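If you're matching positions, the sequence shown starts at 98 in our numbering and goes up one per residue. First comes the structure, then the notes that go with it.
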Amino acid sequence: MAHAPRRATADDIHAIATGMPHVTDAGTSSDRPVYQVGGKSFVFFRTPRPDAMDPDTGERYDDVVVIWVPSDGDKRALVGDSASPFFTTAHFDGHLSVLIRLSRVGELSVDELTEVIQDAWLSRASHRRAQTWLAEHGLT
């Protein structure tokens, strides 16, 4: 009998992001890391902002993570699927990123989350670093 894929957790976000090569944390606090490659952010834990809030209570979400995407088409695919936990706000119009609440990350499998974060890293890494990583993983 096949096992169901393991659901992702907040810890998986950290592990996947820091598991990519040449990653640094440019965040100013341990609870809000900003994972970067070559000085470019690819995953960051956002402070509560007025553009992302609970529609019923008006309270700002305090668990939003921003993840870069390779293209606008990728962004539309992720946020356009009504079953997807990814979303965006007007603040991020024209920005190649999607948002996800930590409270919903468990709707993704670890494999799904890994793919999104690896794509984020690849979209922000230098061409040389990206090509090296792809070659090392047999993806070129």
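Idealized CB from N, CA, C, for every residue including glycine. Just so we're clear, the structure is a prediction, and the values are computed from it rather than from any experiment.
Contact between the stretch 189-204 and the stretch 151-168 is present: three or more C-beta pairs spanning the two stretches fall below 8 Å.
Annotation for D109: the continuous alpha helix (DSSP H) segment containing it runs 107-116. Contact annotation: P102 and V207 have beta-carbon atoms nearer than 8 Å. A Cβ-Cβ contact shorter than 8 Å links T211 with I113. Under the three-state reduction of DSSP output, V213 falls in the helix class. When secondary structure is reduced to three states using DSSP, T121 falls in the strand class. Every unbroken stretch of the beta strand (DSSP E) spanning 3 or more residues and falling wholly within the stretch 116-196 is given here in chain order: 120-122, 131-134, 137-142, 161-165.
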